[in-house]
Each structure stands twice: as structure tokens, then as C-alpha cells.
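Residue numbers (UniProt numbering): 1 to 322.
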Ligand SMILES: Nc1ncnc2c1ncn2[C@@H]1O[C@H](COP(=O)(O)OP(=O)(O)OP(=O)(O)O)[C@@H](O)[C@H]1O
Ligand SMILES: [Mg+2]
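Okay, structure coming up:
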């Protein structure tokens with residue numbers, strides 16, 4: 001586990017004990033890992049970092065509504081087949097020229113079918129590429145909840161056998177079982193059957209110290225004190241009842257914005273102009289601004305007046321006084 005954490009750390013990925021244990025077990029038990037959680041908490045990045053840490057190729061299948069086998073598994077390259085038939089025109093007429101009937105010509109052509117339905121004309125899509133790879137790979141099935149339930153059922157077969165049957169070619173079996181990481185934003189319930197085949201981990205927003213480490217790693221230009229204040233503010237915003245909480249990627253964007261703007265502190269002007277990097281709904285922005293103006297802390301109830309606090313606005317250090 002500690003090794004997994006170190007390996008991920010070297011790829012600039014801050015892994016909790018839970019995450020490193022899940023990866024460790026996925027490798028040991030040879031089971032796919034399903035990582036679920038809100039947007040921007042590092043689910044996709046985990047697969048990328050683990051592939052890089054292992055020196056393995058990352059093969060990514062991005063899921064979306066309407067994704068089907070031809071886009072996920074394989075397609076026949078019709079254009080290439082057509083081009084070959086054009087170029088081999090003469091050879092084909094040699095073969096078919098003296099046929100007595102249409103049926104005989106068709107039979108002769110059929111006897112040559114395997115030329116055109118061979119691996120030469122097979123266009124492997126991510127799942128088949130992962131299965132056929134000569135080296136072990138990491139297969140990322142990203143945002144599986146966006147795909148249709150039928151696709152999920154098809155995926156189950158692939159994930160249990162790691163073999164694929166191509167009618168024209170026969171069964172293609174994995175040379176190496178890939179490490180599979182599936183991610184989901186939980187926009188719909190996944191099937192019991194899929195969950196049963198996978199190890200499961202819920203990745204949530206990191207705590208202050210972990211998020212601060214991510215910021216320090218990825219935005220080293222931000223002064224440590226300011227970084228801590230910024231992350232503390234993000235953590236507090238997440239305690240508010242907002243339409244969309246800021247994600248780690250938005251914290252990073254904000255940290256980069258603060259560096260670009262040469263911000264020295266989180267004063268009112270800085271917050272007024274940059275909060276929209278963190279919050280993407282007008283109602284969320286209004287709510288956050290209202291609380292900031294009141295000099296209130298966003299993790300407390302939204303009160304119209306606080307006699308124990310000076311009026312007249314917000315001071316940056318308020319956010320860091322836990
Ligand atoms: N623990 C972490 N260590 C390092 N970087 C992280 C970590 N968590 C998040 N990040 C950073 O946050 C950003 C968003 O991560 P990522 O794209 O993996 O999120 P996600 O969970 O896949 O989001 P979505 O559900 O929207 O696809 C990336 O830039 C990533 O580098
Ligand atoms: Mg993602």
C-alpha cells in the first residue's frame with residue numbers, strides 16, 4: 001500500500017490510504033476498480049497516474065450516450081476493403097472471369113472472404129486494443145454512467161472473460177489481463193451485476209491538508225500562506241448548500257488565476273473578480289458573495305446581521321481562523 005502511494009506520489013497524485021489500498025487490491029485480485037464520486041476529484045487522473053507509475057500504456061474508452069460495440073470494440077475498415085478490391089480488380093477478374101454463372105462467381109468470391117475479413121482490415125477500438133495488446137496495459141473506462149444500460153451489459157461479458165468473439169476471426173483472448181479502472185459520476189445507478197464484478201471506491205473531495213498538497217504540487221508558484229487561505233475558503237464553500245460545489249480542478253484553476261493576477265491576499269477585490277473561477281452558477285456566486293460581504297463564515301447559517309462581527313466587509317484572514 002505504501003509503495004502504491006509512493007508510486008502515485010511520484011506521478012504527482014496525492015492518494016489517500018483508501019485509494020492506495022483499492023489500487024493495491026485491484027492489482028492483487030485482478031479485479032476491475034470502479035471509482036465513483038463527484039466531478040473533478042481525480043478519478044480520471046488516478047488511472048492516468050497509475051498507468052504512468054507502472055510504465056504501462058493507458059487505453060481510454062470515453063463513454064457517452066449511444067456508445068456501442070462498434071465504437072468500443074472493433075469495426076471493419078470498409079474504406080480500406082473497398083480500396084483493396086479496386087486495386088486487386090485484375091486479380092479478381094482472373095478469379096471470377098471464367099465462372100459459368102453468377103452463383104459460381106459468388107461462391108468463388110466467398111471462398112476468398114477471409115482475405116478481406118482478416119486482422120488486416122480490422123480496426124480495433126479501445127476494448128479490443130486492450131485485449132490484443134502485447135504488453136500489460138491500464139484500461140480506463142471513463143464515465144460509464146453516461147453509457148446506456150445495454151452497453152453496460154455488454155461490458156460485463158468483456159470484463160468477466162477478457163475475450164472477444166469476432167465471428168469472422170474466432171475468439172480473441174487477452175494475452176495479459178489489463179488493469180481496469182472504471183469511473184462514474186453517479187448520474188445513474190449502475191447495475192448490481194457490474195458492481196459485483198468490481199472493487200468499489202468512493203472518491204470524495206479531499207480534506208484541507210490533502211487538497212493543499214495537491215495545490216502545492218500543481219501550482220508551486222502560489223505563496224504557501226495564500227495557498228492555505230485559498231484552500232480553506234474552498235473547503236468552506238463546500239459546506240454551503242450550493243448548486244455545484246467547487247471541485248479540485250476548480251481549486252487548481254483558481255490557484256493558477258491567483259498566481260497570474262499576482263494576488264497577495266484574498267481581499268474583497270480579488271474575491272469579487274475571481275470567485276467565478278470556482279463557482280459556475282449565478283445563484284451560487286450570489287450566495288457566496290452575500291456571505292462574504294456580511295463578513296460571515298459560509299459554514300454558518302446565512303444570518304442577516306451578526307452583532308459580534310464588524311460590518312463593512314470581509315477580511316482575508318477570516319477564512320483561515322478555523
Ligand atoms: N489526489 C489528487 N492528486 C493530484 N491531482 C489531483 C488529485 N485530485 C484531483 N486532482 C487534479 O484535479 C483535476 C481533475 O481531476 P480529474 O479530471 O481526474 O477529475 P474527475 O474525478 O475525473 O472529474 P470528472 O468526473 O469531471 O471527469 C486534475 O487536474 C487532477 O490533476
Ligand atoms: Mg474524469
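Think of the CB as a built atom: it goes at the ideal place given N, C-alpha and C, for glycine as much as any other residue.
Item, Value
"How about the region 29-46 and the region 119-134: do they share at least three Cβ pairs that are nearer than 8 Å?", "no"
"What do you reckon, are the CB atoms on residue 172 and residue 180 nearer than 8 Å?", "no"
"Quick one: is residue 298 buried, meaning 16 or more other Cβ sit within 10 Å of its Cβ, or exposed?", "Residue placement at residue 298 cannot be trusted, given a pLDDT of 46 that sits under 50; what the coordinates show is reported in the next sentence. Residue 298 should be labelled buried."
"Could you check whether residue 143 and residue 62 sit closer than 8 Å to each other, using their CB atoms as the reference points?", "yes"
"Out of curiosity, what's the CA-to-CA distance linking residue 301 and residue 241?", "Caution applies to residue 301, whose pLDDT of 47 falls short of 50 and renders its modelled position unreliable; the model cannot decide the point."
"Do residue 285 and residue 233 come within 8 Å of each other at the CB atom, strictly closer than that value?", "no"
"With H, G and I counted as helix, E and B as strand and the rest as coil, what does DSSP make of residue 170?", "strand"
"Alpha carbon to alpha carbon, how far is residue 252 from residue 215?", "6 Å"
"On the criterion of 16 or more Cβ atoms from any shown chain inside 10 Å, does residue 183 qualify as buried, or is it exposed?", "buried"
"Please tell me whether, using a cut-off of 7 Å, the distance from the CB of residue 183 to the nearest non-hydrogen atom of ligand 2 is below it.", "yes"
"Helix, strand or coil for residue 181, going by three-state DSSP, please let me know.", "strand"
"Residues around ligand 1, please: the ones whose beta-carbon is closer than 5 Å to some heavy atom of it, in chain order.", "13, 14, 39, 40, 41, 42, 43, 44, 45, 185, 214, 248, 249"
"Would the beta-carbon of residue 142 be found less than 7 Å away from any heavy atom of ligand 2?", "yes"
"In whole angstroms, give me the CA-to-CA distance for residue 220 and residue 206.", "19 Å"
"To the nearest angstrom, how far is the alpha carbon of residue 288 from that of residue 248?", "18 Å"
"Which residues bound the alpha helix (DSSP H) around residue 35?", "Segment 33-36 is the beta strand (DSSP E) holding residue 35; no alpha helix (DSSP H) there."
"By how many angstroms is the C-alpha of residue 187 removed from the C-alpha of residue 178?", "26 Å"
"By DSSP, does residue 133 sit in helix, in strand, or in coil?", "coil"
"Can you have a look at residue 163 and say buried or exposed, based on whether 16 or more other CB atoms are within 10 angstroms of its CB?", "exposed"
"So, helix, strand or coil for residue 164, using DSSP?", "strand"
"Going by beta carbon distance, what residues of the same chain come within less than 6 Å of residue 67, once the five residues before and after it are set aside?", "147, 151"
"Cα-Cα, which of 280, 133, 260 is closest to residue 59?", "133"
"My assumption, with CB atoms under 8 Å, is that residue 203 sits in contact with residue 19. Please give the rounded CB distance.", "7 Å"
"Check whether the Cβ atoms of residue 199 and residue 230 sit closer than 8 Å, and answer yes or no.", "no"
"Go ahead and label residue 270 buried or exposed: buried means 16 or more other beta carbons lie within 10 angstroms of its beta carbon, across all protein chains shown.", "buried"
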